[in-house]
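**Q**
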Amino acid sequence: MPGVPADPAVSAPRRLDRAVAAAVVTGPLIDLGELRHSSDPDPLPRPPRAVGRPLRCVLVLLLLLATLASAGVPPRRDVVSIPAGLAAETLLAGDLFVVLDPSPAQPSQRTLRAFRLPGGGLLWQTRVPVQGRAWGVSSVGGMLLATVHESNMPGQGTLSVAFDRETGAYRWQQPGSPVELADGNVLMQSGGGDEPFGLRALDPCCGTVRWQLTADAHVSFRYGGRGADRVVLNQVDGPVEVRDAGTGAVLARADVRPPGSGWPGVTQVVDDLLLTIGGTPATITAYGLDRLDRRWSVPAERAEFALGCGPVLCLHVGGVGLRAVDPTTGQPRWHSDRWTWVFPYDGRLMASTANSSGTRLEQLVVLDPMTGREVAGLGRWELAQSGFGDPLIGVRRHPAGGLYVTRLDARAGEARPLDVLPEAAGNCQSSVSWLLCQRVNGSYQLFRWSD
43 MPGVPADPAV SAPRRLDRAV AAAVVTGPLI DLGELRHSSD PDPLPRPPRA VGRPLRCVLV
103 LLLLLATLAS AGVPPRRDVV SIPAGLAAET LLAGDLFVVL DPSPAQPSQR TLRAFRLPGG
163 GLLWQTRVPV QGRAWGVSSV GGMLLATVHE SNMPGQGTLS VAFDRETGAY RWQQPGSPVE
223 LADGNVLMQS GGGDEPFGLR ALDPCCGTVR WQLTADAHVS FRYGGRGADR VVLNQVDGPV
283 EVRDAGTGAV LARADVRPPG SGWPGVTQVV DDLLLTIGGT PATITAYGLD RLDRRWSVPA
343 ERAEFALGCG PVLCLHVGGV GLRAVDPTTG QPRWHSDRWT WVFPYDGRLM ASTANSSGTR
403 LEQLVVLDPM TGREVAGLGR WELAQSGFGD PLIGVRRHPA GGLYVTRLDA RAGEARPLDV
463 LPEAAGNCQS SVSWLLCQRV NGSYQLFRWS D
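Position one of the sequence shown corresponds to residue 43 (this note's numbering), numbered consecutively onward.
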């Protein structure tokens, strides 16, 4: 089975053009033990003097110098400072690296800073005018949103504050957490638990409300390449409602509860289907999303939830295992008890085996989605965070320290070595142009992919 070559034996890995680091940190040393020597052997007899050896040495030296001159000097890594605390929330957003740091004097207070890439210079910084304990940061429609999930403000649960991406100027704040929409707007979702869900679609430039509603229902979304384009409201004791996420218009409404059951069990949106899993005996029923027209129904057979797997629909079965069915008919395609999770990427399926090591490393393989056949093994990697359509980057600890970085090519079934980052510790984010990894002191290294 093809895999990744052993780390120390990687032949001429492609270097990354540029690195950004906060400060020099000396990592922990690896104890290799004590090297013990046996008694020195008797010296070997001197070999006879070779005729013409000085001339051959001169020729080899000249050839080596000519080769080095034609190859050029490898590019030197430029190092600049991108500071961040260990408790910071961070975001790689195009040509900005955004850091949401707690204040040392008041941990519930946050400062938002934006650094321009590739130089890493501070573009702006501003204080977030709300306080809380759990935070997140996102980029939507030219705005940066700092979201506090446990606000200290009376009567407020989750609250999001919008700042201009280029200047850091305060723009607006609204209750709820943001969901990016496919039309470029933002949907604020609030409530939950004992409170009704509130939805407000906003223009990100100024926080103007485009549509809003309150519903005692479970809310889910259908996501496309850029954001959500459908909102599904699943009421506890009523019909399911499908709305256009951009306008709020109702597209379909229907009762999808199994006969004799007051609750449909699991309800999911997967691509163009609304799926329900429930009833007695348990069945999986598929409906067309925009009209809620019934497509097919098959026995659940211990299926717990569904996953989009490109041309097939994957069902997660009984803790460990997958069953793939035809999304148009529900008829079985293949099954396996080896994989814990899968996701489609570049026309293939990336799959992972069960991990009992207690680390984030996953044994990754490439599958043919139509047959479930294993196409290639890629080795054990931790995946860097990435956006839709970005390269798939794997990292793992290098025996000599730092992180070993590879690009995972699902189409070719290869793990292509990129570099060894000696001071990186983990928590990596990747995009088309950049790789950011955290160091042990909380600061970040920035690496730019070479052409």
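For each residue, glycine too, the CB sits at the ideal point set by N, CA and C.
With a cut-off of 8 Å on the beta carbons, I'd call F139 and L488 a contact; round off their distance for me.
**A** 7 Å
**Q** For N276, write down the residues that DSSP places opposite it in a beta bridge.
**A** Looking at the DSSP assignment, N276 forms a beta bridge with H260, V282.
**Q** Starting from G320, trace the beta strand (DSSP E) both ways and give me its first and last residue.
**A** 315 to 320
**Q** Which term fits F347, buried or exposed, when burial requires 16 or more other beta carbons within 10 angstroms of its beta carbon?
**A** exposed
**Q** Among R272, A291, Q173, whose alpha-carbon lies nearest the alpha-carbon of L316?
**A** For the residues R272, A291, Q173, the minimum Cα distance to L316 belongs to R272.
**Q** Counting only the same chain and skipping the five closest in sequence on each side, list residues whose C-beta sits under 6 Å from that of L450.
**A** L420, L434, G436, A457
**Q** By DSSP, does T325 sit in helix, in strand, or in coil?
**A** strand
**Q** Quick one: residues in its chain with C-beta nearer than 8 Å to the C-beta of I326, no 5 flanking neighbours on either side, listed in chain order?
**A** L317, T318, I319, S339, V340, P341, A342, A345, A348, L357, G372
**Q** Contact between the stretch 196 to 215 and the stretch 253 to 267 is defined here as three or more beta-carbon pairs at a separation below 8 Å; is this criterion met?
**A** no
**Q** State the DSSP-derived secondary structure class of S473, mapped to helix, strand or coil.
**A** coil
**Q** How long is the line joining the alpha carbons of S473 and G307, rounded to whole angstroms?
**A** 37 Å
**Q** With DSSP as the reference, please indicate the residues paired to Q480 in a beta bridge.
**A** G468, Y486
**Q** Measuring only the C-alpha atoms, how far is G330 from D314?
**A** 6 Å
**Q** Pull up the DSSP beta-bridge partners for A418, would you.
**A** V408
**Q** Between V408 and the rest of its own chain, which residues show a CB-CB distance below 6 Å, the 5 nearest in sequence each way excluded?
**A** Annotation for V408: R390, V417, A418, A452, G455 place their beta carbon closer than 6 Å to its own, counting only its chain and skipping 5 residues before and after.
**Q** When the Cα atoms are used, what is the spatial distance from Q216 to W177?
**A** 15 Å
**Q** For the beta strand (DSSP E) that contains H377, what are its first and last residues?
**A** H377 -> beta strand (DSSP E) spans 374 to 378.
**Q** For the structure I just gave you, are there three or more beta carbon pairs, one from the stretch 167 to 174 and one from the stretch 218 to 232, closer than 8 Å?
**A** no
**Q** How many angstroms separate the CA atom of R201 from the CA atom of T189?
**A** The sequence as given places Leu at residue 201; Arg does not occur at that position. Taking the straight line joining both Cα atoms gives about 6 Å.
**Q** If we ignore side chains and look at the alpha-carbon of each, how far apart do L187 and W214 end up?
**A** 10 Å
**Q** Taking 8 Å as the limit between beta carbons, can you name the residues of its chain near S428, skipping five residues before and five after?
**A** Within the same chain, S428 has close Cβ partners L434, I435, Q471, S472, S473.
**Q** Using the rule of at least 16 other Cβ atoms within 10 Å of the residue's Cβ for burial, across every protein chain shown, is D143 buried or exposed?
**A** buried
**Q** Go ahead and label V179 buried or exposed: buried means 16 or more other beta carbons lie within 10 angstroms of its beta carbon, across all protein chains shown.
**A** Result: buried.
**Q** Are the Cβ atoms of S485 and A126 separated by less than 8 Å?
**A** yes
**Q** What does a CB cutoff of less than 6 Å around V141 pick up in its chain, not counting 5 residues either side in sequence?
**A** A126, A130, T132, R155
**Q** Quick one: what does DSSP say G363 is sitting in, helix, strand or coil?
**A** coil
**Q** Residues in its own chain within less than 7 Å of D245 by CB, not counting five upstream and five downstream?
**A** By the criterion of a C-beta distance shorter than 7 Å, D245 is surrounded in its chain by N227, R252, once the five residues flanking it on both sides are discounted.
**Q** Express the C-alpha separation of Q310 and P353 in angstroms, rounding to a whole number.
**A** Cα to Cα, the separation comes out at about 18 Å.
**Q** Check each candidate in E192, L460, E404, A324 and name the one with the smallest Cα separation from R490.
**A** L460
**Q** Can you name the residues that DSSP bridges to T132?
**A** V141
**Q** Taking C-alpha atoms, which residue in G269, A259, S181 lies nearest to V278?
**A** A259
**Q** Going by other Cβ atoms of all chains shown within 10 Å of its Cβ, with 16 needed for buried, is R481 buried or exposed?
**A** Residue burial is scored here from C-beta neighbours: R481 has at least 16 other C-beta atoms within 10 angstroms and is therefore classed as buried.
**Q** Determine the burial state of Q405: buried for a count of at least 16 other Cβ atoms within 10 Å of its Cβ, exposed for fewer.
**A** buried
**Q** Select from P369, A324, W381, D225 the residue whose C-alpha is nearest the C-alpha of R337.
**A** P369
**Q** By the three-class DSSP mapping on this structure, what secondary structure does H440 have?
**A** coil
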